[in-house]
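Okay, so the sequence shown: first residue is 288 according to the working numbering, each after it adds one.
Even glycine gets a Cβ: it sits at the ideal position worked out from N, Cα and C.
Below is one structure; the comments refer to it alone.
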Amino acid sequence: MTILLVKTGTTVPNVAARRGDFEQWFAKGLGVAEDELHVVSVYRGEALPDARNYAGVVVTGSAAMVTDEEPWSLQTERWLRRAVEMGSYALGVCYGHQLLARAMGGAVANNPRGRQVGTTDVTLIGSATTDPLFEGLPRVVHVPVSHLQVVTRLPEAAQLLAVAPRDEHHAFAVGDRAWGVQFHPEFDADIVRGYIEARRDAIATEALDVDALIRDARDSPHGAKLLRAFAAMVTQ
C-alpha cells in the first residue's frame, strides 16, 4: 500500500528551483519511491480520498495559517479527524501538526514568543522514550523549524512528547497511531537556509539575527530517523 501525502502548501520559490518540493523531500526521508506516495494538493482544491486505502497519512507544512480557516483547511481538518477516528496511521508536520491538534480538540494561535526558524534543540519528555516514533532518538534532538503559529492547547486525549525553547507543545501523540511534530523532519540545513533567505526581510524586522540563523543551521539525522520509523510502522 502507498502512503498518502496531504500537501497543504508548497515550498518557497528559491528552494523549489534548486531542491524540488515537499513530495521529493518526504519520499527521501521516508525511504520510499516517489510513486509510493499519493500526493493530494488540498490547498489547490484536490479531493481527499478514503484514508483507509493507504498505509498511512502524512500532512505537510504550509505557508498558510491554520487560524485563517480557509475552506480547504477546514475540510482537511474534518477529514483528518475522521481518519484518526477510523484508526489510520497519521503524521502531521508543522501546519499538519497544528491541524491535527485542532482536529482532535486542541487550539492553535500565533506564537506569543514569536517566529521560530533555523535549527533548534527539542527535548523529548514523558513517554517519548518508548514511543515507536521517537524510540531510539536522544533526549535532545536537533531539528529544522520554520513557523509562526503553534499549538496553544493540546487535545484532551493527547500525550505531550516534546518541548522546545519557544514552544511547549512541540510534539504529541493521540492514541498509538497519530502524531504531530512542529519541526520539519523532511528539511535539511540547505533547505532551512533557503527559507531564512526567502524571508530575510521579515525575519530582520523581528529582531532576529538572520546571518547567525543561516550560519547556525545544521544537518541532523534525527528527522530522517523519525520519518523512517513512521514508514516502517505503516508498511510492515
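Where residue i falls: helix, strand or coil (DSSP)
{"i": "Gln362", "result": "helix"}
{"i": "Thr295", "result": "coil"}
{"i": "Ala524", "result": "Here the chain covers residues 288 to 523 and nothing more, so residue 524 does not appear."}
{"i": "Leu513", "result": "helix"}
{"i": "Gly393", "result": "coil"}
{"i": "Gly318", "result": "coil"}
{"i": "Leu335", "result": "coil"}
{"i": "Ala351", "result": "coil"}
{"i": "Gly379", "result": "strand"}
{"i": "Phe470", "result": "coil"}
{"i": "Glu310", "result": "helix"}
{"i": "Gln385", "result": "helix"}
{"i": "Pro300", "result": "helix"}
Short Cβ contact (8 Å threshold) for residue i with residue j
{"i": "Val432", "j": "Val404", "result": "yes"}
{"i": "Val327", "j": "Leu291", "result": "yes"}
{"i": "Val395", "j": "Arg402", "result": "no"}
{"i": "Lys294", "j": "Val344", "result": "no"}
{"i": "Thr354", "j": "Gln436", "result": "yes"}
{"i": "Gly296", "j": "Gly348", "result": "yes"}
{"i": "Glu455", "j": "Asn301", "result": "no"}
{"i": "Ala370", "j": "Ser360", "result": "no"}
{"i": "Phe517", "j": "Leu324", "result": "no"}
{"i": "Lys346", "j": "Val299", "result": "Per the sequence presented here, residue 346 reads as Val, with Lys not at that position. Contact flag unset, no."}
{"i": "Gly467", "j": "Leu411", "result": "no"}
{"i": "Val461", "j": "Ala444", "result": "yes"}
{"i": "Leu317", "j": "Leu447", "result": "no"}
{"i": "Val409", "j": "Pro472", "result": "no"}
Opposing strand residues paired with residue i [DSSP bridges]
{"i": "His325", "result": "Leu291"}
For residue j and residue i, believed in contact at Cβ under 8 Å, the rounded distance
{"i": "Thr407", "j": "Pro336", "result": "Incorrect: roughly 34 Å between the Cβ atoms, too far for contact."}
{"i": "Leu424", "j": "Lys512", "result": "6 Å"}
{"i": "Gly510", "j": "Phe459", "result": "That belief does not hold up - the Cβ atoms of Gly510 and Phe459 are roughly 17 Å apart, past 8 Å."}
Segments of 4+ residues assigned as alpha helix (DSSP H) that fall wholly inside the segment 476 to 506: 476 to 485, 487 to 491, 497 to 503
Quick check for students: name the residue ranges of the beta strand (DSSP E) that lie wholly in the segment 398 to 468, counting only runs of 3 or more. 403 to 411, 427 to 434, 436 to 440, 445 to 451, 454 to 461, 465 to 468
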